[in-house]
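Be aware that the sequence shown starts at 46, since it is given in my numbering, and climbs by one per residue.
No residue lacks a Cβ here, since even glycine has one placed at the ideal position from N, Cα and C.
Small disclaimer: the values here were computed from a predicted structure and weren't measured.
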Amino acid sequence: MAPANPGIGGLSQSYDVVIVGGGQAGITLASRLTEDKSINVLVIEAGEANLGDQLIMTPALATQMFGKDKYDWHFQTEPQVFGPPYHFR
Ligand SMILES: Cc1cc2nc3c(=O)[nH]c(=O)nc-3n(C[C@H](O)[C@H](O)[C@H](O)COP(=O)(O)OP(=O)(O)OC[C@H]3O[C@@H](n4cnc5c(N)ncnc54)[C@H](O)[C@@H]3O)c2cc1C
């Protein structure tokens, strides 16, 4: 039976909640919201899934992600008055 509300590429035409960003907060929120099966949630994520990626799964390798386009949006903070003598790139 065809879905009642078919959208493009398996997407629905409407959602109750749209979450922009599938990071820790976005996915946690989506997971909690969809515990109620009556709520339709769409998560829009700009990055790759990176499932099983050892650089992400291995805490000791975390610094190797800095500066790599696959992992790093290259946003910078302002230099921090009370922070370390560097700011994240
Ligand atoms: C190298 C590294 C190691 C870390 N290790 C730890 C750790 O061991 N333990 C710990 O507790 N914390 C750790 N942190 C911190 C932790 O990752 C962050 O505090 C946490 O991910 C923040 O969650 P968030 O949901 O706010 O943002 P994020 O998890 O960054 O999620 C934001 C998401 O939004 C997406 N996004 C951005 N703009 C758009 C857009 N326009 N459209 C669609 N999607 C968009 C991004 O791609 C991203 O997936 C680490 C951080 C880094 C950088």
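Note to self: Threshold first: 3 residues or longer. Then list the beta strand (DSSP E) segments lying entirely within the segment 55 to 134, N to C.
What the structure shows: 62 to 65 and 86 to 89
Note to self: ligand 1 and V65: does the residue's C-beta get closer than 7 angstroms to at least one heavy atom of that ligand?
What the structure shows: yes
Next item on the list: Evaluate A47 with the Cβ neighbour count: other Cβ atoms within 10 Å of its Cβ, from every protein chain shown; 16 or more gives buried, anything less gives exposed.
Entry: With a pLDDT of 45 at A47, under the threshold of 50, the modelled position of that residue is not reliable, and the figure given next carries that caveat. With fewer than 16 other Cβ atoms within 10 Å, it is exposed.
Notebook entry, point to check: Any chance the segment 77 to 89 sits against the segment 102 to 110, with 3 or more Cβ pairs inside 8 angstroms?
Noted result: no
Note to self: Is it buried or exposed, I64, if we count other Cβ atoms within 10 angstroms and call 16 or more buried?
What the structure shows: buried
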